[in-house]
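As structure tokens, the structure follows; a few thoughts come after it.
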Amino acid sequence: MAEKALKPMLSVVEKTQDKIIQIKDLQIWINESRILNNITLSIPKNEITCIIGPSGSGKSTLIRSINRINDEVPGISTQGEIIFNGLSINNKNIDLAQLRTQIGMVFQKPCVFPKSIKENVLFGIPHLKKISKLEKFQIAEENLKAVSLWKEVAHRLHDKAISLSLGQQQRLCIARTLAIKPEVILLDEPTSSLDPISARAIEDMMVRLKKKYTIIFVTHNLQQAKRIADNLVFICDGKLIEQGPASKMLSCPSNPETKAYVTDEYCEC
Ligand SMILES: Nc1ncnc2c1ncn2[C@@H]1O[C@H](COP(=O)(O)OP(=O)(O)OP(=O)(O)O)[C@@H](O)[C@H]1O
Numbered sequence: 486m487a488e489k490a491l492k493p494m495l496s497v498v499e500k501t502q503d504k505i506i507q508i509k510d511l512q513i514w515i516n517e518s519r520i521l522n523n524i525t526l527s528i529p530k531n532e533i534t535c536i537i538g539p540s541g542s543g544k545s546t547l548i549r550s551i552n553r554i555n556d557e558v559p560g561i562s563t564q565g566e567i568i569f570n571g572l573s574i575n576n577k578n579i580d581l582a583q584l585r586t587q588i589g590m591v592f593q594k595p596c597v598f599p600k601s602i603k604e605n606v607l608f609g610i611p612h613l614k615k616i617s618k619l620e621k622f623q624i625a626e627e628n629l630k631a632v633s634l635w636k637e638v639a640h641r642l643h644d645k646a647i648s649l650s651l652g653q654q655q656r657l658c659i660a661r662t663l664a665i666k667p668e669v670i671l672l673d674e675p676t677s678s679l680d681p682i683s684a685r686a687i688e689d690m691m692v693r694l695k696k697k698y699t700i701i702f703v704t705h706n707l708q709q710a711k712r713i714a715d716n717l718v719f720i721c722d723g724k725l726i727e728q729g730p731a732s733k734m735l736s737c738p739s740n741p742e743t744k745a746y747v748t749d750e751y752c753e754c
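Okay, so the sequence shown: first residue is 486 according to our numbering, each after it adds one.
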């Protein structure tokens, strides 16, 4: 479906069945500073890939390049290529709104709109005006159930979203992302402002959701990465140090810097 929607705007590069995203020689500068340095990696489909690394290493810059939100940053320039479902997304002519419906994003702090809970779930859906009242209700119900929020809010769908707790707001943001039916969900430290119980609820949800979605999750929290990651990408000072299955990188990392980081003995790159 993604392929069909983006095809008119993109050149076909290649198709690799199990790798939904491939990043090749990605380099990003902001003004004169090089933020990412020759990053090459691939993201397997229907798995959770956690991007880990010290503060300022470029994790957010990397994840934000995957749906081209970085384009908005003043002074940014990008080289290299990102291939999504076999198609290059770096083409200047691609429809970014369409790309971002296929690659949804959840931010560090819950970002609810000053609207009702139900309106927040429906917010990003294209052609909303053509959807019946009943269908809108069904979409809200389905996606609130997917994030285990339905029972808590079914009786107050018309309340303002801001009246929810922070953990509930973050689950609502995830429901809003799911409602646009993306293939990939990018999450940039989505639990860092939440209490441990809300954070665990989101971790459990991600593990359930990976059956239907590919999840790319930036986290500062190594314990969290250990609990949920199928794959790890370790970056440091803008460079990719190591990537691979989480079980291998945690038990037997190839690189001494990775070893120091995953065993909490890390000092500096
Ligand atoms: N808009 C910007 N303008 C200038 N420099 C920026 C901008 N955004 C990020 N940077 C710089 O890019 C580098 C990487 O930042 P980024 O936010 O990607 O790192 P991070 O690994 O996600 O950090 P953290 O874990 O602390 O959130 C940092 O040195 C940061 O100062």
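We put the CB at the ideal spot given by N, CA and C, even for glycine.
Taking 8 angstroms as the limit between beta carbons, can you name the residues of its chain near residue i, skipping five residues before and five after?
i    : result
D715 : P529, E532, I533, T534, K695, P730, A731
L735 : K711, L717, V747
K600 : F608, K645, A646
D510 : N523, I524, T525, Q564, G565, E566
I713 : I533, C535, E688, M691, V692, F702
P595 : L651, Q654, Q655, L657, C658, S678
Have a look at the options and flag the residue whose alpha-carbon is nearest the alpha-carbon of residue i.
i    : options                : result
P525 : C658, Q507, A710       : According to the sequence shown, residue 525 is Thr rather than Pro. Checking every option, the nearest Cα to that of T525 belongs to Q507.
Q654 : I713, L619, K504, S633 : S633
L613 : S542, P539, E557, I665 : I665
I624 : S650, L649, K603       : K603
I670 : I700, L649, I536       : I700
Just to confirm my understanding: we take residue i, look at its own chain, exclude 5 residues before and 5 after, and list those with CB closer than 7 angstroms. What are they?
i    : result
R661 : N605, V606, F608, G609
G652 : L679, D680, S683, A686
L629 : V606, W635, V638, A660
V597 : N605, A646, I647, Q654, L657, C658
How big is the Cα-Cα spacing for residue i and residue j?
i    : j    : result
S545 : R519 : 14 angstroms
L657 : F622 : 15 angstroms
F756 : L521 : A question about residue 756 goes unanswered here, because the residues of the chain that appear run from 486 up to 754.
L672 : S617 : 31 angstroms
Q708 : S677 : 13 angstroms
I548 : I567 : 11 angstroms
T704 : E627 : 27 angstroms
K711 : D689 : 13 angstroms
I561 : P667 : 26 angstroms
D722 : S540 : 9 angstroms
E674 : V692 : 16 angstroms
Q728 : M590 : 22 angstroms
L663 : C737 : 35 angstroms
H643 : V558 : 35 angstroms
N706 : N575 : 31 angstroms
K697 : G571 : 19 angstroms
G538 : K724 : 10 angstroms
Q512 : K733 : 27 angstroms
D556 : D503 : 27 angstroms
S650 : R641 : 14 angstroms
G543 : E517 : 15 angstroms
L619 : P611 : 17 angstroms
CB-CB under 6 angstroms to residue i, same chain, minus the five flanking residues each way: which ones, in chain order?
i    : result
F569 : I506
I726 : F719, N740, E742, T743
W514 : S562
A631 : L663
S527 : K504, Q507
M486 : Because M486 carries a pLDDT of 42, less than 50, the predicted location of this residue cannot be relied on, and the following value inherits that uncertainty. No residues qualify anywhere along the chain.
Within 5 angstroms of ligand 1: residues by beta-carbon to any heavy atom: I515, I520, S540, G541, S542, G543, K544, S545, T546, V558
Quick check: the stretch 552 to 559 against the stretch 583 to 603, are there 3 or more CB pairs under 8 angstroms? yes
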